[in-house]
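J.: With positions in the sequence shown counted from 1, the corresponding number in the numbering used here is that position plus 159. Glycine included, C-beta positions come from ideal geometry on N, C-alpha and C.
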Amino acid sequence: MPLSAPLALSARTIGRLAFAAFLGFLARPAAGQNTPDTPPVAPAAANEEAPPPRRDRSERGEARRANFNPAEMQARLLTGLRTQMEVADDAEWQIISERVTRILDLRRAEAALNLAGLGRLGGAMANRLGIQSSAEMDALRSAVTDKATDAELKSRLEKLREVRKQNETNLNQAREELRAVLTVRQEAIAVLAGLLT
């Protein structure tokens, strides 16, 4: 048979090959299992304490969320940025960190507008992240809930759009102010961190 001819396999043959591959997978030693190459692990001493029981995934997640602190997270972010940007001068870092903080605050305000639109889920998420709800979004939500007139809904939509547009303008201005004090390398780091576009 020439090598360029297609190989015709029946469905039964393909099934057998797949089953054989599966058995080969099962036959290999599992991670942490003793093989001829690895020496057996000594049993734990009787006086050692047993490790604490593992909690399921949802309990671990709840514990992490309960300890979430937005200010602490922002401080870690700023410390990491200072290290990455290699800013040794405190006066220079003061200028940069103020501008970074302004961008973070403006992004948080935008997130409040976006998360508030998700209803209860968004409100819970916003609370966990330390984000204040937007008055304009709350006003629009109450207008929808109260089945306000079309004119009232249009008015509240317009106010919300104005706030979003103003936030966008402020964010772009804050980004330009940050960019003005950064070196090219620092600007690249800020782009990678999502602070600049």
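Enumerate in chain order the residues of its own chain whose CB-to-CB distance from Leu-299 is below 6 Å, with the five nearest sequence positions on each side excluded.
T.: Arg-315 and Leu-319.
J.: Can you tell me the Cα-Cα spacing of Ile-254 and Leu-236, whole angstroms?
T.: Each residue's alpha carbon lies about 16 Å from the other.
J.: Pick helix, strand or coil for Lys-313, following the three-state DSSP scheme.
T.: In the structure shown, Lys-313 sits in a helix (DSSP, three-state: H, G or I).
J.: Beta-carbon separation of Ala-333 and Arg-261 under 8 Å?
T.: Contact: yes.
J.: Let me know if Met-232 comes out buried or exposed under the rule of 16 or more other beta-carbons within 10 Å of its beta-carbon.
T.: With fewer than 16 other Cβ atoms within 10 Å, it is exposed.
J.: Are the CB atoms of Ala-268 and Asn-228 nearer to each other than 8 Å?
T.: No, these two residues do not count as a Cβ contact at 8 Å.
J.: Look at the alpha carbon of Lys-148 and the alpha carbon of Thr-308, and state the distance between them as a whole number of angstroms.
T.: The structure shown has nothing for residue 148, since the chain only spans 160 to 356.
J.: Leu-237 lies in the alpha helix (DSSP H); which residues open and close that run?
T.: Element bounds for Leu-237: 229-244.
J.: Between which two residues does the alpha helix (DSSP H) holding Leu-354 run?
T.: Careful: Leu-354 lies outside any alpha helix (DSSP H) and carries neither H nor E.
J.: Looking at the structure shown, is Ala-247 part of a helix, part of a strand, or coil, going by DSSP?
T.: Ala-247 falls in the coil class under three-state DSSP.
J.: Suppose you measure from the CA of Arg-344 to the CA of Val-303; what does that come to, to the nearest Å?
T.: Arg-344 and Val-303: Cα-Cα distance of roughly 48 Å.
J.: With a CB to CB cut of under 8 Å and the five nearest residues on each side skipped, what residues in its chain are close to Ile-348?
T.: Contacts found: Leu-240, Gln-243 and Met-244.
J.: Classify Leu-351 as buried or exposed, calling it buried when 16 or more other Cβ atoms lie within 10 Å of its own Cβ.
T.: When all chains shown are included, Leu-351 counts as exposed.
J.: Return no unless some Cβ of chain C is closer than 8 Å to the Cβ of Asn-329.
T.: Given the protein chain composition of this structure (a single chain), no chain C is represented.
J.: Are Leu-330 and Leu-355 touching if we call contact CB-CB under 8 Å?
T.: No, the Cβ-Cβ distance between Leu-330 and Leu-355 is not below 8 Å.
J.: Is it true that the CB of Ala-271 sits closer than 8 Å to the CB of Ser-293?
T.: Against a cut-off of 8 Å, the Cβ pair of Ala-271 and Ser-293 comes out as a contact.
J.: Could you please give the first and the last residue of the uninterrupted alpha helix (DSSP H) stretch that includes Thr-304?
T.: Unbroken alpha helix (DSSP H) run through Thr-304: 294-304.
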